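Participant:
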Amino acid sequence: MCRLFGMSSAPRRSRATFWLLEAPDNLSAQSRREPDGTGLGYFTAEGAPQVHKAPVAAFRDRAFAEDAAVVESMTFLAHIRFASTGGLEGVNTHPFEQDGRLFAHNGVIGGLDRLDVRLGPARSLVKGDTDSERFFALITRESAARGGDVAAGIEAAARWVAENLPVYALNIVLTTADELWALRYPDTHELYVLERRPGGHHGDRHLDHAGTAGRMHVHSGDLARTRATVIASERMDDDPHWRLMESGELLHVGADHTVTRRTVLAGEPVHRLSLADLEPEAAASQKGS
Numbered sequence: 023m024c025r026l027f028g029m030s031s032a033p034r035r036s037r038a039t040f041w042l043l044e045a046p047d048n049l050s051a052q053s054r055r056e057p058d059g060t061g062l063g064y065f066t067a068e069g070a071p072q073v074h075k076a077p078v079a080a081f082r083d084r085a086f087a088e089d090a091a092v093v094e095s096m097t098f099l100a101h102i103r104f105a106s107t108g109g110l111e112g113v114n115t116h117p118f119e120q121d122g123r124l125f126a127h128n129g130v131i132g133g134l135d136r137l138d139v140r141l142g143p144a145r146s147l148v149k150g151d152t153d154s155e156r157f158f159a160l161i162t163r164e165s166a167a168r169g170g171d172v173a174a175g176i177e178a179a180a181r182w183v184a185e186n187l188p189v190y191a192l193n194i195v196l197t198t199a200d201e202l203w204a205l206r207y208p209d210t211h212e213l214y215v216l217e218r219r220p221g222g223h224h225g226d227r228h229l230d231h232a233g234t235a236g237r238m239h240v241h242s243g244d245l246a247r248t249r250a251t252v253i254a255s256e257r258m259d260d261d262p263h264w265r266l267m268e269s270g271e272l273l274h275v276g277a278d279h280t281v282t283r284r285t286v287l288a289g290e291p292v293h294r295l296s297l298a299d300l301e302p303e304a305a306a307s308q309k310g311s
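All residue numbers for the sequence shown refer to our numbering, where the first residue is 23 and numbers rise by one.
(1) Grab the span of the alpha helix (DSSP H) containing residue 161 for me, first residue to last.
(2) So what does DSSP say about residue 32, is it helix, strand or coil?
(3) To the nearest angstrom, report how far apart residue 145 and residue 275 are at their CA atoms.
(4) Counting Cβ pairs, one atom from each stretch, are 3 or more of them under 8 Å apart for the region 119 to 130 and the region 185 to 203?
(5) Can you give the beta carbon distance from residue 279 to residue 30, rounded, assuming they're within the 8 Å contact cut?
(6) Can the beta-carbon of residue 222 be found less than 8 Å from the beta-carbon of residue 171?
(7) Over the uninterrupted beta strand (DSSP E) stretch that includes residue 253, give me the two end residues.
(8) Whole beta strand (DSSP E) runs in the region 192 to 231 with 3 or more residues, listed along the chain?
(9) Assess contact between the region 237 to 245 and the region 89 to 102, defined as three or more Cβ pairs (one per stretch) separated by less than 8 Å. Is contact present?
(10) Which word fits residue 36, buried or exposed, when buried means at least 16 other C-beta atoms lie within 10 angstroms of its C-beta?
(11) Should residue 132 be labelled buried (16 or more other beta-carbon atoms within 10 Å of its own) or exposed?
(12) Could you say if the region 244 to 255 and the region 212 to 220 meet the contact criterion of at least three C-beta pairs nearer than 8 Å?
(13) Quick check on the burial criterion: 16 or more other C-beta atoms within 10 angstroms. Buried or exposed for residue 285?
(14) For the alpha helix (DSSP H) holding residue 136, just list the boundary residues, first then last.
(15) Let me make sure I understand the geometry here. Which of 294, 228, 178 and 206 has the alpha-carbon closest to that of residue 256?
(16) Of the residues 277, 209, 117 and 167, which one's Cα is nearest the Cα of residue 288?
(17) Starting from residue 94, trace the beta strand (DSSP E) in both directions and tell me its first and last residue.
(18) Is residue 156 buried or exposed, if buried means 16 or more other CB atoms sit within 10 Å of its CB?
(19) Using 10 angstroms around the beta-carbon of residue 117, count the other beta-carbons present and answer buried if the total reaches 16, otherwise exposed.
(20) Since residue 172 is in the alpha helix (DSSP H), which residue starts that stretch and which ends it?
(21) Is residue 297 helix, strand or coil when you go by DSSP?
Written out as structure tokens, the structure is:
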């Protein structure tokens, strides 16, 4: 399934190195299903969003995803995609950018014709074919309608989708230059949070996170001295303080690194999808790898 990674070291900028796909070094790794896209988003010192992404399929150039990308930012967003909706094109690869914000999603939303109607003029924000980018456009629209309140926009968009559309999963990470939001809904896929003190659990170590299923690897020497909050689809090291987010939980890391969380969606989606309900391609994208 798709892999999400978000991190905030606000109010300090930190330098981190990302390998979105580590080069396979054994037959077991080589036998894993290839991803359909990788992407990395961050922000310049002036607050401008930067997105580096590429569709990566079997037998295609993997250099972008395997090369180390060293970037500096207060917030970071990385994604490994297994396609469920939309072709293998750069325009369908996460993260997406709208109104100076970056967004990535793990899951499946159905009823895209109804979602397009709901979007109205905001449908013009959508450049590709994915359910994810459409959901982001709905968040952007709802946030604008609430004076730029992103948390309220996420809540309103997610509630409308949960009440009106078929939903398999709505796990998301959204970032600005100095803030981060994460939502897990419902309990289909895991989404973990780690509030990491400077030096981590042992007090004197850099950050060195490596995902097993997604093969994403993140390193930051700066985080031996700086606290960070990390969001990930899996526990990425042996720190005992990783916490599984609750279904319906919306987490926010502010510009001063204040972390808040609240439940914004109770219960299940009205039209909850099971794996058996999905088309074969979508079902394959949502299985663990």
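Don't be surprised by glycine CBs; every beta carbon is placed ideally from N, CA and C. Values in this document were obtained by computation on a predicted structure and should not be read as measured data.
Facilitator: In this structure, then:
(1) Translated into positions along the sequence shown, residue 161 becomes position 139. Residue range 153 to 167 is occupied by the alpha helix (DSSP H) that includes residue 161.
(2) As a working note, residue 32 is residue 10 in the sequence shown. Residue state for residue 32 is assigned as coil, using DSSP reduced to three classes.
(3) Counting from 1 along the sequence shown, the entry for residue 145 is found at position 123. Counting from 1 along the sequence shown, the entry for residue 275 is found at position 253. One C-alpha to the other measures close to 28 Å.
(4) Flag = yes, the region 119 to 130 and the region 185 to 203 touch.
(5) The residue labelled residue 279 in the question sits at position 257 within the sequence shown. The residue labelled residue 30 in the question sits at position 8 within the sequence shown. Beta-carbon to beta-carbon, residue 279 and residue 30 are separated by about 7 Å, close enough to satisfy the 8 Å threshold.
(6) Locating residue 222 in the sequence shown gives position 200, counting from the first residue. Locating residue 171 in the sequence shown gives position 149, counting from the first residue. Cβ atoms of residue 222 and residue 171: not closer than 8 Å.
(7) Stepping through the sequence shown from its first residue, residue 253 is reached at position 231. 250 to 254 is the span of the beta strand (DSSP E), which, as asked, contains residue 253.
(8) With a minimum length of 3 residues, the continuous beta strand (DSSP E) runs that stay inside the region 192 to 231 are 193 to 197, 202 to 206 and 214 to 218.
(9) Under the three-pair Cβ rule at 8 Å, the region 237 to 245 counts as touching the region 89 to 102.
(10) Your numbering for residue 36 matches position 14 in the sequence shown. By the neighbour-count rule (16 or more Cβ atoms within 10 Å), residue 36 is buried.
(11) Position 110 of the sequence shown, counting from 1, holds the residue named residue 132. Here residue 132 is buried. Its C-beta has 16 or more other C-beta atoms within 10 Å.
(12) Yes, the region 244 to 255 is in contact with the region 212 to 220.
(13) Residue 285 sits at position 263 when you count from the first residue of the sequence shown. Exposed, because fewer than 16 other Cβ atoms sit within 10 Å of the Cβ of residue 285.
(14) Reading the sequence shown from its first residue, position 114 is the one you call residue 136. Per DSSP, residue 136 belongs to the alpha helix (DSSP H) from 134 to 141.
(15) Here residue 256 refers to the residue found at position 234 of the sequence shown. Per the Cα distances, 206.
(16) Here residue 288 refers to the residue found at position 266 when the sequence shown is read from its first residue. Taking the Cα of residue 288 as reference, the smallest distance to any Cα among 277, 209, 117 and 167 is reached at 209.
(17) Here residue 94 is taken as the residue at index 72 of the sequence shown, counted from 1. Boundaries of the beta strand (DSSP E) harbouring residue 94: 91 to 95, taken from the DSSP string.
(18) Within the sequence shown, numbered from 1, the residue matching residue 156 stands at position 134. The residue is buried, with at least 16 neighbouring Cβ atoms inside 10 Å.
(19) In the sequence shown, counting from the first residue as 1, residue 117 sits at position 95. Residue 117 comes out buried.
(20) Numbered from 1 along the sequence shown, position 150 holds the residue referred to as residue 172. Boundaries of the alpha helix (DSSP H) harbouring residue 172: 172 to 186, taken from the DSSP string.
(21) The residue labelled residue 297 in the question sits at position 275 within the sequence shown. In the displayed model, residue 297 falls within a helix according to three-state DSSP.
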